[in-house]
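J.:
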Amino acid sequence: MNLFSRVALSDEAILSGILGDGILQRATENKLYEQFFYFIKDATFKHQLSEDEAASLYSDTILAFIENVRNKNFEGKSSVKTYLYQIFSNKCVDFLRKITTNKMSVHETQPMQEWIFSLPDNSKSILQKLISDYDVVVLKEKVKLLGEKCQQMLMAWGEGYADSKIAQDLGYQTANVAKVSRLRCLDKLRDLYKIERANP
Amino acid sequence: MLAQIDKYFNNELSPIERQDFEKRLPTDSELANAVAFYANTRAAAQQVANDTRKSEFEVLRKRLSNRPIHRINSLLWISGITASLILLMGFWWFSHTPILDSEVFVDTYVQEYFENLPVKMDAQNDSLQMGLRLFNERKFSNAQTIFEDILRRKNNDSEAVKYAGITAFRLQNYNKAVMLFQALSQQKELFFNPGKFYEALALMKHQPMNKKEVEKLLKEVIDNNLEGNKEARKILGKKK
Chain A
1 MNLFSRVALS
11 DEAILSGILG
21 DGILQRATEN
31 KLYEQFFYFI
41 KDATFKHQLS
51 EDEAASLYSD
61 TILAFIENVR
71 NKNFEGKSSV
81 KTYLYQIFSN
91 KCVDFLRKIT
101 TNKMSVHETQ
111 PMQEWIFSLP
121 DNSKSILQKL
131 ISDYDVVVLK
141 EKVKLLGEKC
151 QQMLMAWGEG
161 YADSKIAQDL
171 GYQTANVAKV
181 SRLRCLDKLR
191 DLYKIERANP
Chain B
1 MLAQIDKYFN
11 NELSPIERQD
21 FEKRLPTDSE
31 LANAVAFYAN
41 TRAAAQQVAN
51 DTRKSEFEVL
61 RKRLSNRPIH
71 RINSLLWISG
81 ITASLILLMG
91 FWWFSHTPIL
101 DSEVFVDTYV
111 QEYFENLPVK
121 MDAQNDSLQM
131 GLRLFNERKF
141 SNAQTIFEDI
151 LRRKNNDSEA
161 VKYAGITAFR
171 LQNYNKAVML
181 FQALSQQKEL
191 FFNPGKFYEA
201 LALMKHQPMN
211 KKEVEKLLKE
221 VIDNNLEGNK
231 EARKILGKKK
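Sequence order for the protein chains is A and B.
Counting in the working numbering, the first sequence runs from 1 upward without gaps.
Counting in the working numbering, the second sequence runs from 1 upward without gaps.
(1) Between Arg18(B) and Glu58(B), what straight-line distance do the alpha-carbon atoms span, to the nearest angstrom?
(2) Listed from N- to C-terminal order along the chain, which residues in the segment 34-64 of chain A have their beta-carbon within a distance smaller than 9 Å of any beta-carbon of chain B?
(3) Relative to the C-alpha of Lys212(B), which candidate in Ala200(B), Ile222(B), Asp223(B) has its C-alpha closest?
(4) Nearest to Asn116(B) by alpha carbon, out of Leu9(A), Ile195(A), Lys149(A)?
(5) Using a C-beta cutoff of 9 Å, does Lys54(B) count as contacting chain A?
(6) Return the CA-CA distance between Ser84(B) and Ala8(A), expressed in angstroms with no decimal places.
(7) Residues of chain A with a CB under 7 Å from the CB of Asp6(B): which are they?
(8) Cβ closer than 8 Å: which chain B residues qualify as neighbours of Ala198(A)?
(9) What do you get for Pro194(B), buried or exposed, if any count of 16 or more other CB atoms within 10 angstroms of its CB means buried?
(10) What runs of the alpha helix (DSSP H), each 4 residues or longer, lie entirely inside the segment 28-76 of chain A?
(11) With the cut-off set at 9 Å, would you say Tyr154(A) and Thr167(B) are in Cβ contact?
(12) Using a Cβ-Cβ distance cut-off of 9 Å, determine whether His107(A) contacts chain B.
(13) Applying the 10 Å Cβ sphere with the 16-neighbour rule, what's the burial state of Gln86(A)?
(14) For Ser141(B), which residues in the same chain have their Cβ closer than 8 Å to its Cβ, ignoring the five residues on either side in sequence?
(15) Got a sec, what are the start and stop residues for the alpha helix (DSSP H) Pro15(B) sits in?
(16) Taking Cβ to Cβ, would you say Asn229(B) is nearer than 9 Å to Phe191(B)?
(17) Is DSSP giving Lys54(B) helix, strand or coil here?
(18) Establish whether the CB of Lys234(B) and some CB of chain A are separated by less than 9 Å.
The structure is reproduced here in structure tokens:
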């Protein structure tokens, strides 16, 4: 009986939990956060970061790991702990480098998403220009103005979930129904964005 | 147009449609603009998701930081380790895969389902809706007063019982939550009744050591295929 098990999750349980459905996935992510929580304290000694700075980098590390697992970029060549520690150390070093070279910027440039590179070359430069013309901060604000369901749906899509998974997690009957609803949400968002741009 | 862009990036277009799409892209400004919107929205949505998750981690961090640290002497360490080894061997005998502890599971469930309750936009004067709005504004005590008023007028109102129970849960009045969810689970005429499952969640918080009763409730949820049986299976570590 596993009901009140308090043992640390095995690498296998972490990976299958992250790829599992709704609640199991969230609970696994929280447990993962808890399992290597001591990294934060380590970084305050090793890298002389404040606790808040280390905690923010640690959260980014967990999110990056989750994304890598979902995108199948984590191949399991090292243990989860080693892999996480490597990401976390790199983030700490990057952060310190940015502080010391005074390159901290309020407006970080938007990293180009991988799938944009799949477009033909003659379209890429035009699109890069158009993409940089959009104000992602305004888009984020507008996402938050949408209804709860639309927000959840777009966030899940932004995280890379397929419509079948979105349908399952958000209670839509089929992937197609979820897709139609998602596209409606995108339309609503585009209208909100257009209104904002017309009346800044 | 967004539907077509979506199909393009999901590889759902036929080779001819794909070719046509790529041919139009450099010359059709409307299409290019829509692709830029699509790309940026996806990035924005991912950032919103990450920001939300980071703030949830921050709450978790505060809880973990406030966790009391118990200092144990070496003799207790040795006996503790020995006992743990025996327990671990026992666990290994029954299952090879360690799963999540129930407390984390309950907290995550609460974070997910007891955070915002569904409000109808067109029911301004409905007191149930007013209670739900107050709940969503984190005014739990005020919401509780309204739900209990409704129950005084109509003591078998299933919605009011359910939301009063959830509000009691959020107010950490687990004893009251258990009683309210018990009352909900006894309403046999409901098509969807999460009462029994919610009662188990509240009991896990109210009496964390009362594993036997919690297991009994969860088994009932599973055996009778009640609302929450999927989650109950996960807590008990049962395969589908």
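C-beta atoms are modelled at their ideal positions from N, C-alpha and C, and glycine is treated no differently.
Everything numeric in this text was worked out from a predicted model, so none of it was measured.
T.: Let me lay it out:
(1) 44 Å
(2) Glu34, Phe37, Ile40, Glu51, Ala55, Ser56, Tyr58, Ser59, Asp60, Ile62, Leu63
(3) Ala200(B)
(4) Lys149(A)
(5) yes
(6) 13 Å
(7) Leu183
(8) Residues of chain B passing the Cβ test: none, with the nearest at roughly 15 Å.
(9) buried
(10) 38-46, 51-70
(11) One point to set straight first is that residue 154(A) is Leu, not Tyr, in the sequence displayed. Cβ atoms of Leu154(A) and Thr167(B): not closer than 9 Å.
(12) Confidence is the limiting factor: at His107(A) the pLDDT is only 44, short of 50, which leaves the residue's position unreliable, though a coordinate-based value still follows. Cβ-Cβ to chain B under 9 Å: no for His107(A).
(13) exposed
(14) Leu171
(15) 15-24
(16) no
(17) helix
(18) yes
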